[in-house]
Ligand SMILES: Cc1ncc(COP(=O)(O)OP(=O)(O)O)c(N)n1
Ligand SMILES: Cc1ncsc1CCOP(=O)(O)O
Ligand SMILES: [Mg+2]
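Residue numbers (our numbering): 15 to 368.
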């Protein structure tokens, strides 16, 4: 009985150690090759090596191998469909991370029956893993959002719609038509409705792999778990907005001159809006920056820059000529007879430009 129990214990330990080291290697490769993060990949490698060292010091490797019986493992035939599907690289990381934590806990618990010192050292490794997995998941999240922003070309400013259903339906249709970023700009709404629209908007945009930004209101952006906030020159300063927003949400800043654009970069903006370029039907201005400002920005600012103000299918070429391949629009889609077609046409022009 004891022999059989020990055999089973070693079999569990062998499987769990393999699972943990494979999982650690999965995380390590992402930190190394996708994030180029030497610190995280180094610590993951050290955790993996320490697990192997502690195992070799306290457990008899030959007993572990002798206990192995892969063909006789009933678990190899129980494959959940979800195990074969990962929606994104982030999902790969999350799955590997929880598999490692579970395996380390299993090693620790069964290890206690063999060597208390071994179990105590595995416990410390588990704590180190928790810390690193959190750092890695956060970095992976930021990298994914940053590449989404970098790839974005068509940004739509929209109001709250006639109803929540209509608002959601618009986002769904326009996401399919190629809108990359949605901004809720609805000064006419009361806070409660604004918050409710922001919540559903953020969720539906996320479902479709699009970004969702709240205009002006950092509090609502955070409360609704939106991707970020957009602030103007007369609104909350960048540092104050960032303090509420945290590092992982996006901060967009309106700029009307090259000096403001440079300042926005220094202030830690993730992207800038540049305008108003042309006469707008959505908002009145005394002064327009014209395409000349876009030329200046394209030549010297390396943050994603969205030209804004009166841009539509007829003048988008003038924007593209400046080297700016990103636009933010409202009226061109909102007032179009066929908003989906208008979004598709604008996106087509931008994609052709590069
Ligand atoms: C992408 C983008 N760019 C510029 C603006 C304008 O912001 P702001 O100057 O604060 O004016 P309001 O939109 O608040 O009226 C924007 N909203 N989005
Ligand atoms: C809010 C804002 N800020 C600069 S232009 C603008 C309005 C953009 O809407 P439209 O594309 O209809 O000109
Ligand atoms: Mg504003």
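Heads up, the beta-carbon is just placed ideally off N, CA and C, and yes, glycines get one too.
For residue i, the first and last residue of its enclosing beta strand (DSSP E)
i           : result
residue 197 : 195–198
residue 169 : 168–172
residue 243 : 242–245
residue 269 : 264–269
Nonlocal neighbours in the same chain, by C-beta distance under 8 Å from residue i, ignoring five residues either side
i           : result
residue 187 : 353 and 354
residue 184 : 172, 175 and 353
residue 194 : 162, 165, 166, 167, 168, 169, 224 and 225
residue 367 : 334 and 339
residue 2   : Shown here, the chain extends from 15 to 368; a query on residue 2 therefore has no answer.
residue 271 : 303 and 307
residue 90  : 84
Beta-bridge pairing of residue i - partner residues as DSSP gives them
i           : result
residue 321 : 288 and 341
residue 225 : 195
residue 355 : Note: residue 355 sits in no beta bridge, so no partner.
Own chain partners of residue i with C-beta closer than 6 Å, once the 5 adjacent residues on each side are dropped
i           : result
residue 239 : 216
residue 361 : 168 and 192
residue 37  : 110, 113 and 114
residue 129 : 72
residue 351 : none
residue 348 : none
Within 9 Å, strictly: CB atoms of residue i and residue j
i           : j           : result
residue 40  : residue 149 : no
residue 291 : residue 322 : yes
residue 227 : residue 197 : yes
residue 263 : residue 242 : yes
residue 34  : residue 117 : yes
residue 252 : residue 245 : yes
residue 287 : residue 266 : yes
residue 342 : residue 289 : yes
residue 330 : residue 364 : yes
residue 285 : residue 317 : yes
residue 199 : residue 229 : yes
residue 81  : residue 28  : yes
residue 269 : residue 247 : yes
residue 142 : residue 57  : yes
residue 222 : residue 189 : yes
Start-to-end residues for the alpha helix (DSSP H) that takes in residue i
i           : result
residue 298 : Neither: residue 298 is in no alpha helix (DSSP H) and is coded neither H nor E.
residue 86  : It is not in any alpha helix (DSSP H) - residue 86 carries neither H nor E in the DSSP assignment.
residue 44  : Here residue 44 belongs to no alpha helix (DSSP H), and DSSP marks it neither H nor E.
residue 131 : 130–165
residue 336 : Where residue 336 is concerned, there is no enclosing alpha helix (DSSP H), given that its DSSP letter is neither H nor E.
residue 305 : 304–314
residue 66  : 52–72
residue 113 : 103–125
residue 256 : 252–259
residue 179 : 178–190
residue 230 : First-last for residue 230: undefined, no H or E at that position.
residue 278 : 272–280
Cβ-based neighbour list, residue i, same chain, cut-off 7 Å, excluding 5 preceding and 5 following
i           : result
residue 250 : 232
residue 358 : 191 and 192
residue 54  : 45, 146, 149, 150 and 153
residue 213 : 238
residue 296 : 344 and 345
residue 30  : 117, 120 and 121
residue 127 : 23
CB contact below 9 Å: residue i versus chain C
i          : result
residue 38 : Protein chain content of the structure displayed is limited to a single chain, and chain C is not contained in it.
Open item on the list: Would the stretch 168–182 count as touching the stretch 125–138 if we require 3 or more Cβ pairs under 8 Å?
Closed with: In short, these stretches do not touch, since the Cβ pair count stays below three.
Pairs of beta-carbons, one from the stretch 333–348 and one from the stretch 309–323, closer than 8 Å: are there three or more? yes
Item to check | Three-pair Cβ contact test at 8 Å for the stretch 203–218 versus the stretch 178–195 | outcome: yes
- Counting Cβ pairs closer than 8 Å, one from the stretch 64–71 and one from the stretch 150–167, do we hit at least three? no
Checklist entry - Looking at C-beta atoms only, is the number of pairs between the stretch 50–68 and the stretch 22–29 that lie closer than 8 Å three or more? => result no
* For the stretch 142–156 against the stretch 71–86, are there 3 or more C-beta pairs whose distance is under 8 Å? -> no
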